[in-house]
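Student: Numbering (the working numbering), first residue to last: 402 to 703.
The structure's right below; bear with me while I get my questions together.
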């Protein structure tokens, strides 16, 4: 571990930030944590983290600050203002921005860092809670070459692979593409299970038929099993999946790209959130009223 990066502040200790902080603690880093909901950060104090009272307190003396928050607006709010992280963050420190914020917010955050003399590495991740816990994330990192060696040891703790990109903001751009693929896989599975049920075929038979073949994406299969078992323990909360799909849709519109599948699934996913599944896993998209047959089966099991 380089002496430079021993002191790390983690701002945001939800389903992704908490395992990130834990893995850094276990790897021997001195970690300060802060979260908008104090109770979530307080759990980490028993594991060796220092609980900070504000973002500014967390980043005072930090070599690295990691932001893992719900959206771009939350990141900007936490970093700015009298108690914001940038008020105490040294210009020698590195800001690793890991939240999924979209292209426009990422551009604003890069500008914000530059105005404050801080180096920002745009580094969203591919992977949900289970890979985060296991330290098996894929880090999609965009940052200047001189800073890469300073943050690489941290990425090695958090992920199984770091994909370095050249252009500022390309980590966030690639994350949008990955999240669009995720959304299409989940929606495709939900629709296919619904179709199987409507055809009078046990949806379990569909999963059995696909297993082991070229169409068997591990991720899609795991979500299919979760849908049929009504197991919606949050790996990736549906409300955040909706937020990310909206970021994808907005970016596509700005570029004149039509995403018919994403446009079709968003209203259904909004319905599932409205139905009370916002904090459940993205697999709960199957509960949308449009998925009548499988949703009925899920309700019966629940």
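Positions of the beta carbon are idealized from the N, C-alpha and C atoms, including for glycine.
Would the beta-carbon of residue 427 fall within 8 Å of that of residue 408?
Tutor: no
Student: Nearest to residue 485 by CA position, among 650, 453, 500, is which residue?
Tutor: 453
Student: Please determine if the region 490-499 and the region 516-528 are in contact, where contact requires at least 3 C-beta pairs separated by less than 8 Å.
Tutor: yes
Student: Could you pull the DSSP bridge partners for residue 665 from this structure?
Tutor: Partner(s): none; residue 665 has no beta bridge.
Student: Is it buried or exposed, residue 410, if we count other Cβ atoms within 10 angstroms and call 16 or more buried?
Tutor: buried
Student: My output table needs one value for residue 476: the three-state DSSP class, helix, strand or coil.
Tutor: helix
Student: Between the alpha carbons of residue 646 and residue 656, how many angstroms are there, rounded?
Tutor: 15 Å
Student: Hey, quick one: how far does the beta strand (DSSP E) through residue 523 stretch, first residue to last?
Tutor: 520-523
Student: Work out the CA separation of residue 482 and residue 626 for me, nearest whole Å.
Tutor: 45 Å
Student: Identify the residues that DSSP records as bridge partners of residue 682: which are they?
Tutor: 638
Student: Quick check: the Cα distance between residue 624 and residue 670, rounded to an integer number of angstroms?
Tutor: 15 Å
Student: Taking the C-alpha atoms as reference points, what is the distance between residue 470 and residue 447?
Tutor: 22 Å
Student: Would you kindly work out how many angstroms separate the C-alpha atoms of residue 467 and residue 638, rounded to a whole number?
Tutor: 21 Å
Student: By how many angstroms is the C-alpha of residue 572 removed from the C-alpha of residue 510?
Tutor: 13 Å
Student: For residue 479, which residues of its own chain have a beta-carbon under 7 Å away from its beta-carbon, when the five flanking residues on both sides are left out?
Tutor: Closer than 7 Å at the Cβ level, and outside the excluded window around residue 479, lie 412, 456, 468, 470, 485, 486.
Student: According to DSSP, is residue 504 helix, strand or coil?
Tutor: helix
Student: To which residues of the same chain is residue 691 closer than 6 Å at the C-beta, ignoring the five residues directly before and after it?
Tutor: 669
Student: If contacts are defined as beta-carbon pairs under 8 Å, then residue 523 and residue 569 qualify, I think. What distance do you get, rounded to the angstrom?
Tutor: 7 Å
Student: Taking DSSP's pairing of strands, which residues face residue 565 in a bridge?
Tutor: 542
Student: Ordered along the chain, which non-local residues of its own chain (more than five positions away) have a Cβ less than 7 Å from that of residue 414?
Tutor: 422, 434, 436, 441, 442, 445
Student: Quick one: is residue 489 buried, meaning 16 or more other Cβ sit within 10 Å of its Cβ, or exposed?
Tutor: buried
Student: With a Cβ-Cβ cutoff of 8 Å, do residue 586 and residue 687 count as a contact?
Tutor: no
Student: So what does DSSP say about residue 452, is it helix, strand or coil?
Tutor: strand
Student: With a Cβ-Cβ cutoff of 8 Å, do residue 581 and residue 629 count as a contact?
Tutor: No; because the gap between Cβ atoms is not below 8 Å, this pair is not in contact.
Student: Along the chain, where does the beta strand (DSSP E) that runs through residue 434 open and close?
Tutor: 431-435
Student: Can the beta-carbon of residue 662 be found closer than 8 Å to that of residue 588?
Tutor: Cβ distance < 8 Å, so residue 662 and residue 588 count as in contact.
Student: Which same chain residues, not among the five before or five after residue 514, have their C-beta less than 6 Å away from its C-beta?
Tutor: 496, 521
Student: Are the CB atoms of residue 564 and residue 541 within a distance shorter than 8 Å?
Tutor: yes
Student: Thinking C-alpha only, which one of 462, 530, 574, 475 is nearest residue 438?
Tutor: 475
Student: Measuring alpha carbon to alpha carbon, tell me which residue in 567, 684, 502 is nearest residue 400.
Tutor: In the structure displayed, the chain extends from 402 to 703; residue 400 sits before or after that span and is not available.
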